[in-house]
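> Dropping a structure here in structure tokens format, bear with me for questions.
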Amino acid sequence: MTLEKFNYDNKIVRNFAVVTVMWGIVAMLVGLFIALQIPFPGLNFEQHFTFGRLRPLHTNAIIFAFVGNGMFMGIYYSLQRLLKARMFSDTLSRIHFWGWQLIIVSAALTLPFGITAGKEYAELEWPIDIAIAIVWVIFGINMFGTIIKRRERHLYVAIWFYIATVVTVAVLHIVNSMELPVSFLKSYSVYAGVQDALVQWWYGHNAVAFFLTTPYLGLMYYFVPKAVNRPIYSYRLSIIHFWALIFLYIWAGPHHLLYTALPDWAQSLGVVFSVMLIAPSWGGMINGLLTLRGAWDRVRDNVELKFFVVAITAYGMATFEGPMLSLKSQNAIAHYTDWIIAHVHIGGMGWNGFLTFGILYWLIPRIYNTPLFSKKLAGFHFWIATLGIMFYTIPMYFAGFTQHFMWKEFTEDGVLRYPNFLETVVQIVPMYKLRAFGGLLYLTGALTMVYNLVKTAYSGKLIENEPAEAPALEKVYVEEHKGHWHRWIERRPIQMLMLSLILILIGGLVELIPTFMIKSNIPTIASVKPYTPLELQGRDIYVREGCYTCHSQMIRPFRFETERYGEYSKPGEFVYDHPFQWGSKRTGPDLQREGGKYPNSWHYNHMEDPRTMSPGSIMPPYAAMIENDLDTSSTAPKIRAMQTLGVPYPAGYDAQANADLMKQANLISADLAKDGIKVMSNKEVIAIIAYLQRLGIDIKGEKLTGNK
Amino acid sequence: MSVIIILISASLLVATGFLISFFWAVKTGQYEDDYTPSVRMLFDNELPKEENTVEKNNSVSNIKPQNDL
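As given, the protein sequences belong to chains A and Y, one line each in that order. Take the first sequence: its position 210, counting from 1, is numbered 209 in numbering that gives the first Met the number 0, and each next residue is one higher. Take the second sequence: its position 46, counting from 1, is numbered 45 in numbering that gives the first Met the number 0, and each next residue is one higher.
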């Protein structure tokens, strides 16, 4: 057995570590800023720095920039060592690194400008979506290439988690990002309404599962035993954890759509799988924590272990809470409230954040070959960040409960006790302030980490190529490799069949989805008509401003919701909604039946400054819409795109759309003039008013019977 | 709700892929030993670590006796 000498690539690990920290700070800063915008709406600076535009920036930056780069850092470090091989290709590593940073920069340069696809956690527009797919595949090739040239036959459990991540995220991203480009930076989702919602939350849930959970579990299985210097509590349990988790996770998505217009059986399926997920998740948590058995004393003076213990505990809390929230009775309370915000921040700040911090404190001194600059400072980071999580989540749990019970409270006379939505918001504003304070503590901790790590790096020297040696992998099936390569395939008819089946399925899916979707977009309610050109433009402004980050368009079939908002939502009402705008959080009221509720002049004044119409409102002002001209040059291509997607505008309508648009705009402008408001009919505010006045009115004239 | 068919087939596709790799893992003996791998991963960068801590200037040659587990 000959020993082969090779080097581990530490430079790529260091590079990913640098951007993890850098983007992490940026993402947390944006988070703190938007947390302050809620109690202090004066911090909304038109037009690029309103809550609706910055919130997607925060979520995307945390998920794809902070956790994404953190995941790559950990994978590039551990994969090489577990496989006893350098990464497959340094060039691919570099392309992966720079490609991913470019995607992040382009996200930061598009989202504040309102360039968004309007689907949560998938807001980036189509050219960036394509770039993500390409860079992801490059990462996949690099990983599988390393696996193939490995010097260790056994694939340690962490590697299985990495494989699951690479494969599944690719499928999720491609299916959810099916969109029809209208122009270079604007597209429409090929799915509409309920279907779009289902695809989105199938993606959304599994993005949590396969982007924020499985890769980090892999990291846990590597870095926790390394940091304690003890094997994982039960390797057998880790194998069961992995296989059970991935087979269950992908079916749980519909629990994001309980009580909506989604078919009941799909909702129940999602609930059943969500509840079952407790078993593998807690198996994993117990496995991680019990690795410290007999070594708990080390947690006292080992800061990375402190971070790991809290991270794993947060994972356990979030994965207990998740299944509970997927129960319909519980979901009815938590959905649309700040409870969900608390839940995701236990996961994001606790699980992903703390695991990343722990890994950084463990890894940077090692690749720089020097002890950590200050253990004390790291300890300070741990405590202040832990306090930060508590100050963040506990007020949000309170806010969630409070608001829900205010929403649903009736007086003895059977009318809503708090008919004005704003009352329920004002009540929880102190909680929003506390939450921002929690975020500030967490960010402070992260900043001390930056200082600590930079000092550490400067006191050491990066070992760019870490020498290692290992015997080459012995070939096991020697006789099978003789002869031509395709002999190997020919001897395996069943595998071959499977392989071609998969390839055909992929090809078929790619081909089928667009046609399939268009054919199924047949309206189920006769009175539901496509949007007029002006309303369509208004809708795109609604999407652009990220209104869905605070307003839902989905009334659940509860008395307290129908009393407040009107008739509950029907699936047939959304057939022309590309993309759907159901939202997931009600910082403001539901808008599904907004049409006709207020006069045009109310909307005009409310857009200019929400506080003139609703004193105490926390909505950002949109006075710029009164200044901005509506871009009517995009009307024709938008109508054509909608026609391609199956929206029944008459043939050749794109040519006369703008004439119809102006006609409707003049009517609204004239109506506003009656109330003494002088505004040109070619302004954006006219379009958004037209859209808001259209919302939910199509079925108002209908006699509604039963559930359909 | 035809989109459910797409989602179910995409999910099944992924699940089938994992099922195949699970069978592969079992058949090729990945799980015959469910203890050693957990210990082995602790040792695999002992050699470079030793060099790094002993020789500060990093210019040491790679030739070192292999460590026993």
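Idealized CB from N, CA, C, for every residue including glycine.
Among residues of its own chain, excluding the 5 on either side of R292/A, which ones have a beta-carbon nearer than 7 Å to its beta-carbon?
Counted from its first residue, the first sequence places residue 292/A at position 293. The answer, listed in chain order, is Y232.
> To the nearest angstrom, how far is it from the Cα of V425/A to the Cα of E178/A?
Taking the first residue of the first sequence as position 1, residue 425/A is located at position 426. Taking the first residue of the first sequence as position 1, residue 178/A is located at position 179. Roughly 39 Å separates the two Cα atoms.
> May I have a chain-ordered list of the alpha helix (DSSP H) segments no shorter than 4 residues that lie completely inside the region 213 to 262 of chain A?
Listed in chain order, the complete alpha helix (DSSP H) runs (minimum 4 residues) inside the region 213 to 262 of chain A are 213 to 227, 234 to 248.
> To which residues of the same chain is Y76/A closer than 7 Å at the C-beta, ignoring the five residues directly before and after it?
By one-based count along the first sequence, residue 76/A stands at place 77. The residues are V12, L362.
> Give the straight-line distance between the Cα atoms of F44/A and F32/A, rounded to the nearest whole angstrom.
Here residue 44/A is taken as the residue at index 45 of the first sequence, counted from 1. Here residue 32/A is taken as the residue at index 33 of the first sequence, counted from 1. About 11 Å.
> Inspect the beta-carbon positions of P55/A and L110/A and report whether they are closer than 8 Å.
Looking up residue 55/A in the first sequence gives position 56. Looking up residue 110/A in the first sequence gives position 111. Contact: yes.
> How would you list, in chain order, the residues of chain Y whose beta-carbon sits under 7 Å from the beta-carbon of I231/A?
If you number the first sequence from 1, residue 231/A lands on position 232. Here the neighbours are S37.
> Run down chain A in chain order and give the residues with a C-beta less than 7 Å from the C-beta of F21/Y.
Taking the second sequence and counting its residues from 1, the one referred to as residue 21/Y is at position 22. Simply W242.
> Pick out the complete beta strand (DSSP E) segments inside the region 1 to 34 of chain A, 3 residues or longer, and give them in chain order.
Listed in chain order, they are 2 to 8.
> Can you tell me whether R558/A is buried or exposed, with buried defined as 16 or more other CB within 10 angstroms of its CB?
In the first sequence, residue 558/A corresponds to position 559, counting from 1. It is exposed - the Cβ of R558/A has fewer than 16 other Cβ atoms within 10 Å.
> For a test of the three-state rule: what should DSSP assign to A9/Y, helix, strand or coil?
As a position in the second sequence, residue 9/Y is number 10, starting the count at 1. Note: A9/Y maps to helix in three-state DSSP.
> Using a Cβ cut-off of 9 Å, which residues of the region 264 to 276 of chain A contact any Cβ in chain Y, in chain order?
Under the 9 Å Cβ criterion, the region 264 to 276 of chain A contributes A265.
> Going straight from the alpha carbon of F15/A to that of L78/A, what length do you get?
On the first sequence, position 16 is the one that residue 15/A refers to. On the first sequence, position 79 is the one that residue 78/A refers to. Near 14 Å, if we compare the C-alpha coordinates of L78/A and F15/A.
> Give the single residue among K83/A, I114/A, M72/A whose Cα lies nearest to the Cα of H95/A.
Here residue 95/A refers to the residue found at position 96 of the first sequence. When each option's Cα is compared against that of H95/A, the closest is M72/A.
> As a quick exercise: from K83/A, L28/A, T19/A, pick the residue whose alpha carbon is nearest that of A467/A.
Here residue 467/A corresponds to residue number 468 of the first sequence, with the count starting at 1. Taking only the C-alpha atoms, the option nearest A467/A is K83/A.
> Does D697/A pass the burial test, meaning 16 or more other C-beta atoms within 10 Å, or should it be called exposed?
For this step, residue 697/A is matched to residue 698 along the first sequence. Its Cβ being crowded by 16 or more others within 10 Å, D697/A is buried.
> Compute the distance between the beta-carbons of P214/A and I74/A, then report whether it is under 8 Å.
Position 215 of the first sequence, counted from the start, is the residue given in the question as residue 214/A. Position 75 of the first sequence, counted from the start, is the residue given in the question as residue 74/A. In contact: P214/A and I74/A (Cβ atoms closer than 8 Å).
> Tell me the rounded alpha-carbon separation between M219/A and G283/A.
For the purposes of this step, residue 219/A is taken as the residue at position 220 of the first sequence. For the purposes of this step, residue 283/A is taken as the residue at position 284 of the first sequence. If I take the Cα positions, the gap works out to 10 Å.
> How far does the beta strand (DSSP E) with N464/A in it reach, from first residue to last?
As a position in the first sequence, residue 464/A is number 465, starting the count at 1. Element bounds for N464/A: 464 to 470.
> Could you check whether the Cβ of A224/A sits closer than 8 Å to any Cβ belonging to chain Y?
By 1-based counting over the first sequence, the position of residue 224/A is 225. Here the sequence assigns Pro to residue 224/A, which means Ala is not the residue at that position. P224/A counts as touching chain Y.
> Could you pull the start and end residues of the beta strand (DSSP E) that S188/A belongs to?
Position 189 of the first sequence, counted from the first residue, corresponds to residue 188/A. Per DSSP, S188/A belongs to the beta strand (DSSP E) from 185 to 188.
> I'd like to know whether the C-beta atoms of H255/A and W200/A end up nearer to each other than 8 Å.
As a working mapping, residue 255/A is identified with position 256 in the first sequence. As a working mapping, residue 200/A is identified with position 201 in the first sequence. Yes, these two residues count as a Cβ contact at 8 Å.
> Where do the ends of the beta strand (DSSP E) carrying P570/A lie?
In the first sequence, residue 570/A corresponds to position 571, counting from 1. Premise fails: P570/A is in no beta strand (DSSP E) and is neither H nor E.
> If I measure Cβ to Cβ from V168/A and keep anything under 7 Å in the same chain, skipping five residues before and after, which residues do I get?
Here residue 168/A refers to the residue found at position 169 of the first sequence. Excluding sequence neighbours, V168/A sits near W135, F209, F210.
> On the three-state DSSP scale, how would you describe E178/A?
Taking the first sequence and counting its residues from 1, one reaches residue 178/A at position 179. The answer is strand: DSSP assigns E178/A an E or B state.
> Select from the region 182 to 197 of chain A all residues with a C-beta closer than 9 Å to any C-beta belonging to chain Y, and list them in chain order.
Those would be Y190, V193, Q194, D195, L197, in chain order.
> Where do the N-terminal and C-terminal ends of the alpha helix (DSSP H) with D670/A fall, by residue?
Along the first sequence, one-based indexing puts residue 670/A at 671. Residues 652 to 673.
> Determine the DSSP secondary structure at E478/A, reduced to helix, strand or coil.
For the purposes of this step, residue 478/A is taken as the residue at position 479 of the first sequence. Low per-residue confidence applies at E478/A: pLDDT is 49, beneath 50, and the placement is therefore not dependable, though the value from the model is reported in the following sentence. E478/A falls in the helix class under three-state DSSP.
> According to a CB-to-CB cut-off of less than 7 Å, which residues of the region 55 to 76 of chain A neighbour chain Y?
So nothing in the stretch comes that close.
> What residue range does the alpha helix (DSSP H) around F48/A cover?
Numbered from 1 along the first sequence, position 49 holds the residue referred to as residue 48/A. Counting along the chain, F48/A falls outside any alpha helix (DSSP H), and DSSP gives it neither H nor E.
> Residues of the region 553 to 571 of chain A in Cβ contact with chain Y at a cutoff of 9 Å, in chain order, please.
Hits within the stretch, in order: P570.
> Listing by chain order, which chain A residues have their CB less than 8 Å from the CB of V69/Y?
Since the first residue shown for chain Y is 0 and the last is 68, residue 69/Y is missing from the structure and cannot be characterised.
> Can you pull the chain Y residues whose beta carbon is under 7 Å from the beta carbon of H254/A, in chain order?
Along the first sequence, read from residue 1 onward, the residue named residue 254/A stands at position 255. The premise fails here: H254/A is roughly 14 Å from chain Y at the closest Cβ pair, so nothing lies under 7 Å.
> Could you run through the region 112 to 140 of chain A and flag, in chain order, every residue whose CB is less than 8 Å away from some CB of chain Y?
Against chain Y - using a Cβ distance shorter than 8 Å - the region 112 to 140 of chain A contributes no residues.
> Exposed or buried, G269/A, counting other C-beta atoms within 10 Å across all chains shown (16 or more means buried)?
The residue given as residue 269/A occupies position 270 in the first sequence. Under this definition G269/A is a buried residue.
> Quick one: what's L288/A bridged to in DSSP?
One-based indexing of the first sequence puts residue 288/A at position 289. None; L288/A has no bridge partner.
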